[in-house]
Each structure stands twice: as C-alpha cells, then as structure tokens.
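First to last, the sequence lines map onto chains A, U, D and C. 1 is the number of the first residue of the first sequence in the UniProt record's numbering; add one for each residue after it. 1 is the number of the first residue of the second sequence in the UniProt record's numbering; add one for each residue after it. 1 is the number of the first residue of the third sequence in the UniProt record's numbering; add one for each residue after it. 1 is the number of the first residue of the fourth sequence in the UniProt record's numbering; add one for each residue after it. Just so you know, even glycine gets a beta-carbon here, dropped at the ideal spot from N, CA and C.
Protein chains: 4
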Amino acid sequence: MKGGSDEMVAKKNNLITRLNRIEGQIRGIKGLIERDTYCDDVLNQIAAIQAALNGVGKLLLEDHMRSCVVERIESGDHAVIDELLVTVKKLMK
Amino acid sequence: MKGGSDEMVAKKNNLITRLNRIEGQIRGIKGLIERDTYCDDVLNQIAAIQAALNGVGKLLLEDHMRSCVVERIESGDHAVIDELLVTVKKLMK
Amino acid sequence: MKGGSDEMVAKKNNLITRLNRIEGQIRGIKGLIERDTYCDDVLNQIAAIQAALNGVGKLLLEDHMRSCVVERIESGDHAVIDELLVTVKKLMK
Amino acid sequence: MKGGSDEMVAKKNNLITRLNRIEGQIRGIKGLIERDTYCDDVLNQIAAIQAALNGVGKLLLEDHMRSCVVERIESGDHAVIDELLVTVKKLMK
Chain A
1 MKGGSDEMVA KKNNLITRLN RIEGQIRGIK GLIERDTYCD DVLNQIAAIQ AALNGVGKLL
61 LEDHMRSCVV ERIESGDHAV IDELLVTVKK LMK
Chain U
1 MKGGSDEMVA KKNNLITRLN RIEGQIRGIK GLIERDTYCD DVLNQIAAIQ AALNGVGKLL
61 LEDHMRSCVV ERIESGDHAV IDELLVTVKK LMK
Chain D
1 MKGGSDEMVA KKNNLITRLN RIEGQIRGIK GLIERDTYCD DVLNQIAAIQ AALNGVGKLL
61 LEDHMRSCVV ERIESGDHAV IDELLVTVKK LMK
Chain C
1 MKGGSDEMVA KKNNLITRLN RIEGQIRGIK GLIERDTYCD DVLNQIAAIQ AALNGVGKLL
61 LEDHMRSCVV ERIESGDHAV IDELLVTVKK LMK
C-alpha cells in the first residue's frame with residue numbers, strides 16, 4: 001500500500017482503526033480468561049475477532065490485487081501470481 | 001475454566017501466553033501497514049494470526065467440553081447443547 | 001441417527017434430499033469443465049456446494065450432539081467427548 | 001480452461017477424476033445415512049469431502065489466475081480483478 005494520496009491515507013487509517021479494535025478485543029479475552037469467565041462467552045469473542053481479522057484481510061487483499069498485482073502483471077512480472085496464489089490458499093477454507 | 005488446581009493454572013497461563021503473542025503480532029501488523037510494507041507480507045502475517053487464534057479457540061473448546069458441558073449434561077441441563085451448537089457453528093467453516 | 005420415529009425419518013429425508021442436490025451440482029460442475037466453461041463461474045459453483053455441504057454437516061452435528069453425545073455422557077461414557085472434539089476440529093476453520 | 005493442448009486435457013481429466021471421486025463419496029454418505037450409521041463417522045466423511053472439494057477449487061483458481069486473469073489484465077481489462085475478488089472472498093474463511 002503506497003502512502004501519499006488522501007485515499008491511501010484513509011485506507012491505512014481504516015485498517016489501523018480496525019486493528020486497534022482487534023488488539024483491544026484480544027486484551028479483553030485475556031481479562032475474561034484471567035477472571036475464569038464461562039468458556040462459551042470467551043469462544044464467542046474469539047469468533048468475533050476471527051470475523052474482524054477476516055475483514056482486515058479482505059480489505060488488504062483487495063487493495064493489493066487492485067494495485068501491486070495489476071502493476072506487476074502489466075510490467076510482465078508474472079511471478080506475482082505465484083506469490084498471490086500461496087497467500088490466497090492460506091486464507092482459503 | 002475453574003481456577004485453583006495446578007493444571008487449571010497451567011492451562012490459563014498457556015492461553016494468556018498465546019494471546020500475548022497474538023497481541024504482539026497485531027501490533028506488528030499495524031507497524032507494517034504504517035510503514036507501507038508490501039501487502040502480501042502483511043496478508044501472510046494475518047494468516048499466521050488466524051491460525052494462532054484458531055489454536056486458542058480449539059484449546060478453549062476442548063476444556064469447555066470436558067468440564068462445563070459434561071457437568072451440565074450430567075446434571076440434566078441439556079440447554080448447554082443448544083448453547084454449544086451456536087458457538088461451534090460460528091467457529092465452523 | 002436412529003430410524004423409526006416420524007421425526008427421524010423426516011430428518012433423514014431432508015439430509016438425503018440435500019445430498020441429492022449436491023450430487024447433481026457436482027455432476028453439473030463436471031459438465032462445465034468438460035465444456036471449458038469460464039473458470040470463475042465454476043469456482044462460484046464450488047463455493048455454493050461448500051456452503052450446501054456445510055449445511056448438511058451442521059444438521060448432522062446438531063442431531064448427533066442432541067442424541068448420541070448426551071446419551072453417552074449420561075451413561076458415563078465420556079470417550080464421546082474425545083471423539084467429538086476430533087471431528088469438530090476437522091470442521092473448524 | 002481452454003481445451004486443446006495436452007497439458008489442458010491432462011488438467012481437465014485430473015479435475016474430472018477428482019469430481020468423480022467426490023460424487024462417489026456423496027453417494028457413499030447417502031448410504032451411511034440411510035443405514036443409520038453413527039453420525040460421527042458420517043461427519044468425518046463430510047470433512048473429507050470438504051477437503052477434496054477445496055483441492056479442486058484451488059486447482060481451478062490457480063489455472064484461472066495463470067491464464068484468464070493475466071490475459072485480461074494484460075489486455076487492459078481490469079474488471080477481472082473485481083470478479084476475482086468476489087469469488088476469492090466466497091472461498092475465504
């Protein structure tokens with residue numbers, strides 16, 4: 001993700017805001033565990049964090065594919081496809 | 001998760017240690033994004049955190065099913081199955 | 001899943017109907033591939049089948065947990081929890 | 001997937017073989033359910049089919065990205081990225 005344009009700065013701030021929230025949720029879970037909170041409640045928090053993290057991943061993937069992937073393919077650098085496939089397969093079910 | 005027994009304390013410490021690591025990884029990703037790191041590298045970090053978070057979820061689910069779920073079923077409280085199903089379905093693909 | 005009661009028969013028929021549909025979708029995909037259909041269309045069919053298969057899995061898991069799992073725990077056979085954990089972890093993300 | 005080259009034919013045959021196997025597994029599960037087989041065994045079969053179906057999806061995605069996606073980007077048709085993102089997000093966790 002290249003800095004500079006307002007749009008890029010807005011995207012970065014959005015991602016940082018989401019990650020701050022996730023970081024807070026992780027700290028929250030630690031507190032729940034330290035206080036012996038009922039496990040089912042903690043598991044539901046984990047499911048919520050997974051969903052939030054997936055959201056960040058999808059935003060990043062989208063930005064990556066619309067910028068770097070297109071640019072590298074257009075410049076004849078097809079190795080980006082190999083790299084992208086490895087990453088996408090890790091994010092797939 | 002009930003406190004008290006050495007085993008329970010060890011389990012809690014294991015979960016807290018894992019969550020501390022995940023918290024650090026989340027902070028790490030924020031730094032990568034702030035420094036405009038290549039997206040593919042960030043995406044791979046996200047996949048690693050998802051795997052680590054899944055690991056915490058599986059440990060918690062295991063402990064929950066071996067303790068609270070068994071105890072509540074044995075005491076005739078089958079509502080725990082409804083509750084568990086809702087949670088497990090959120091964690092399923 | 002025990003046979004006999006109307007409810008059980010209805011559940012079985014529901015599962016068989018869903019699996020028949022999935023079987024037809026699989027055959028459909030084979031036809032798409034044989035006719036060199038645009039891959040993106042085929043991938044979307046695969047995502048649809050995954051969702052349908054998840055639906056069958058969740059129905060089965062629900063029925064299993066409400067019947068066999070409860071019965072075996074109530075009869076003191078806690079080995080069912082070990083078995084269930086192995087299976088649920090395969091179905092988790 | 002374009003037909004014609006030996007490599008393409010081999011890829012198609014590989015996919016068809018895998019899908020034939022999955023189709024057989026689906027029929028197998030129907031039989032297990034009809035015979036009131038223990039649910040846990042059926043659930044494990046479903047997990048195996050999910051893994052096999054994911055395998056087919058990953059092969060197709062790989063071939064799609066190396067052929068159509070590259071060709072359309074190189075010809076200036078960036079709409080393929082929008083399309084690919086929709087599909088990949090369905091296949092993601």
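- According to the DSSP secondary-structure assignment, Met92 of chain U is paired through a beta bridge with D:Met92.
- Under the Cβ distance rule, Gly57 of chain D counts among the residues neighbouring chain C, one pair being separated by less than 8 Å.
- Chain order gives the chain U residues near Arg66 of chain D as Ile81, where near means a beta carbon separation below 7 Å.
- By the rule that beta-carbons nearer than 8 Å mark a contact, Thr87 of chain A touches chain U.
- Only buried fits Glu83 of chain C, as 16 or more other CB atoms lie within 10 angstroms of its CB.
- For Asp82 of chain A, the three-state secondary structure derived from DSSP is helix.
- Residue-level contact by beta carbon fails for Asp77 of chain D and chain C, as no gap is shorter than 8 Å.
- At a C-beta separation below 7 Å, Ile46 of chain U has no neighbours in chain D, since its nearest C-beta there lies roughly 13 Å away.
- Taking the C-beta atoms as reference points, His64 of chain U is found nearer than 8 Å to Leu43 of chain A.
- Between Lys89 of chain A and Lys58 of chain C, the C-beta spacing is below 8 Å.
- In this structure, Leu53 of chain C lies near Ile49 of chain D, with their beta-carbon atoms less than 8 Å apart.
- By the 16-neighbour rule on beta-carbons within 10 angstroms, Asp77 of chain C is exposed.
- No Cβ-Cβ contact shorter than 8 Å links Leu19 of chain D with Val70 of chain D.
- Taking all protein chains shown into account, Glu23 of chain D has 16 or more neighbouring C-beta atoms within 10 Å of its C-beta and is therefore buried.
- The residues Val42, in chain order, have a CB closer than 8 Å to that of Ile33 of chain D in the same chain once the five nearest residues on each side in sequence are set aside.
- Within 8 Å of the CB of Ile73 of chain D, no CB atom of chain C is found; the nearest one sits about 14 Å away.
- Under the 8 Å criterion on CB atoms, Val70 of chain U is classed as interfacial with respect to chain D.
- In this structure, the CA atom of Gln25 of chain D is about 16 Å from the CA atom of Ile29 of chain C.
- Ranked by Cα distance from Val86 of chain D, the first of C:Ser5, C:Gly31, C:Asp40 is C:Asp40.
- For Val9 of chain D, no CB of chain C lies under 8 Å from its own CB, so it is not counted at the interface with that chain.
- Residue state for Ser5 of chain U is assigned as coil, using DSSP reduced to three classes.
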